[in-house]
Amino acid sequence: MLLALRVEVDSLAAAHHALPSLLTALQTTGAEASFFINLGPDRAARSGGPLFQVGESKLQRQLNRKQAGPKGMARLYGLLMPAPQLHKEAKQALQSIAAAGFETGLLAWDRVSWVREIAGASEAWVEEELKAGLFAFEQLFGERAKGLALPQWRSNRAAFRLAQRLGFDYLSASRGSRPHLAVVEGEPVNLAQLPTTLPTLSELIGAEGCDEQGAVEHLLKLTQSVPLTGHVFTIQLSADGGKRLPLLAQLFAAWQAQGHELSSLGKLHRFQQRDALPWHAVQQQAWPGYQGLLTVQGAAFPN
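Numbering-wise, the sequence shown is residues 174 to 476 according to my numbering.
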């Protein structure tokens, strides 16, 4: 069955340093994946607040901050130094994704602002952010982005509405259990939603004494059997590149040994029968290890 890899290219450092190694690891195993890119400013200096911390304990949050937090001059981006724009400063690295045959999509124009502002953002603000990202994507890749994956699974009703209006093929904006069509605050959005179904490495490592190998083993237990609707696993390059890359390579090989096909989200979307996708309520709610509210797949919506 399909196990889709949802990769977030979320910082300039990730694009330059973690991306090449991940591409090599994927190519070595023959895996497919989808790369969703923050194309605008890297405001790394402003990504240190509670909304960006992952972990249920202080120790786990510190561990993840040490792994994913900005380093060196990046600590000044967007505060004491201008925020570099990825579509300009990492152009060659980003274009190498498509050149290697992998699917690319939009994560955000300004990931940090999105996470900080989306809860109370107006439709006009959301539209401006998405259109800026789409324009930069077309300039970089010469084609329109087909998939949209929102940062840290944070959204609002306007984001769902605009994802449909702007012509995306699918949206990956929530945590959940299976592909579906969303009903957001009573409003149906006729756009395939592909939620993240598995926990991330950052959510597992350091939780209740779980070490790196324990995180791998936990994920492999969850994927001993994959539902017919597939799984989605999110890789956040700032957190999961570097020292955690060997864990990803181990997971890729083990998942293939379990008989799973590592795919792009586009392939998972094409595999679904659109007419058969169920409608589910989508809501904003607390999620273990995160401050604020995440977008979560709710109960099946009555026909």
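From the three backbone atoms N, C-alpha and C, an ideal C-beta is built for every residue, glycine too.
Query	Result
Closest to residue 232 by C-alpha separation, out of 316, 210, 336, 380, would be which residue?	380
With residue 458 as the anchor, note down where its beta strand (DSSP E) starts and where it stops.	452 to 458
Do residue 432 and residue 177 have their beta-carbon atoms positioned less than 8 Å apart in this structure?	no
Kindly list the residues whose CB is nearer than 6 Å to the CB of residue 351, restricted to its own chain and excluding five residues on each side of it in sequence; keep chain order.	402
Do you know offhand how far residue 162's Cα is from residue 359's?	This structure cannot settle anything about residue 162, because the visible part of the chain is limited to 174 through 476.
Could you round the C-beta distance between residue 439 and residue 207 to whole angstroms and report it? I think they count as a contact, below 8 Å.	6 Å
CA-CA distance, residue 424 and residue 368?	20 Å
Spell out the partners DSSP gives residue 353 in its beta bridges.	366
Could you check if residue 215 is buried or exposed, using at least 16 other CB atoms within 10 Å of its CB as the buried criterion?	buried
Kindly indicate which residue of 294, 286, 210 has the alpha-carbon position closest to the one of residue 263.	210
If residue 278 and residue 470 are in contact, beta carbons under 8 Å, what's the gap, nearest whole angstrom?	With a Cβ gap of about 20 Å, residue 278 and residue 470 do not count as contacting.
Leaving out five residues on either side along the sequence, give the residues of the same chain with a beta carbon under 6 Å from the beta carbon of residue 411.	183, 184, 187, 241
Judging by CA-CA distance, which residue of 217, 268, 225, 275 is the nearest neighbour of residue 180?	275
Can you give the Cα-Cα distance for residue 282 and residue 229, rounded to whole angstroms?	29 Å
Please name the residue, chosen from 314, 355, 312, that lies closest to residue 332 on a Cα-to-Cα basis.	355
Any heavy atom of the ligand ADP within a distance shorter than 7 Å of the CB on residue 326?	Within the structure as shown, the ligand ADP is missing, as the structure has no ligands at all.
Here's a check: name, in chain order, each residue in its chain whose Cβ is nearer than 6 Å to the Cβ of residue 287, leaving out the five neighbours to either side.	281, 324
For residue 345, count the other beta carbons within 10 Å of its own beta carbon; 16 or more makes it buried, fewer makes it exposed. Which is it?	buried
Could you tell me which residues DSSP puts in a beta bridge with residue 345?	322
What residue from 223, 203, 191, 204 has the CA that sits closest to residue 466's CA?	223
Within a Cβ cutoff of 6 Å, which residues of the same chain sit near residue 226, ignoring the five residues on either side of it in sequence?	234
Are the beta-carbon atoms belonging to residue 398 and residue 205 less than 8 Å from one another?	no
Just to confirm the assignment, what range does the beta strand (DSSP E) spanning residue 281 have?	276 to 281
I'd like the list of long-range same chain contacts for residue 302, defined as Cβ closer than 6 Å, with 5 residues on each side in sequence excluded.	282
Beta-carbon separation of residue 267 and residue 307 under 8 Å?	no
Provide the residue span of the alpha helix (DSSP H) that contains residue 272, from first to last.	264 to 272
According to DSSP, is residue 433 helix, strand or coil?	coil
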